[in-house]
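Everything below concerns the one structure shown next.
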Amino acid sequence: MALGRLLGMREDWIEHRRGRDGELLGWMRPDGEGFVVVDLLGRDRTAPVDWLEAEEVLDELGIGYLAEPFEMRLEGDAWLRVRLAEVSAHRIRVKKDDWGDMTAPQVFYSLPFPPGDALRPLSG
12 MALGRLLGMR EDWIEHRRGR DGELLGWMRP DGEGFVVVDL LGRDRTAPVD
62 WLEAEEVLDE LGIGYLAEPF EMRLEGDAWL RVRLAEVSAH RIRVKKDDWG
112 DMTAPQVFYS LPFPPGDALR PLSG
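Below, the structure is given as structure tokens:
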């Protein structure tokens, strides 16, 4: 069994890369006659759409959302504000948000791919 399959990624997912530099933008997962767009965090971003629309969605989505603040679920349903430090189909590493304080200790956490409900965009 392939490592990606063990980690939540299926073997039939099709990579989509940005044309100008080859940066991975996400995947297209076959679903019936169409494809579901999956972002770099393993989240479904569309219902089944045709190939061209799936590519367009991924191109438009880009990677900018990875720079936004997120929240990571702690024990007891508490949430911690974090920033993404590393994103791959093997794991997601987040860093406790220190608001740019260079003297603050660096606190990292590892999450599985996909992180499911353990990670969400910061609301509000």
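Anchor point for the sequence shown: position 25 equals 36 in this note's numbering, and the numbering is continuous, going up by one each time. C-beta atoms are modelled at their ideal positions from N, C-alpha and C, and glycine is treated no differently. Small disclaimer: the values here were computed from a predicted structure and weren't measured.
Residue from W62, G111, T114, R131 with nearest C-alpha to L122
R131
With H, G and I counted as helix, E and B as strand and the rest as coil, what does DSSP make of G43?
coil
Own chain partners of R104 with C-beta closer than 6 Å, once the 5 adjacent residues on each side are dropped:
A96, E97, F119, S121
Could you tell me the alpha carbon to alpha carbon distance between D32 and V68, rounded to whole angstroms?
18 Å
Using a Cβ-Cβ cutoff of less than 7 Å, which residues in the same chain neighbour A129 once the five nearest sequence positions on both sides are dropped?
M83, R84, L122
First and last residue of the uninterrupted beta strand (DSSP E) at R69
This sequence places Leu at residue 69; Arg is not what is there. Unbroken run through L69 is the alpha helix (DSSP H), 62-72; no beta strand (DSSP E).
Please go through the same chain and pick out, in chain order, the residues whose beta-carbon is closer than 7 Å to the beta-carbon of D61, but skip the five residues on each side of it.
G45
To the nearest angstrom, report how far apart T8 and L63 are at their CA atoms.
A query on residue 8 cannot be resolved here, the shown segment of the chain reaching from 12 to 135 and no further.
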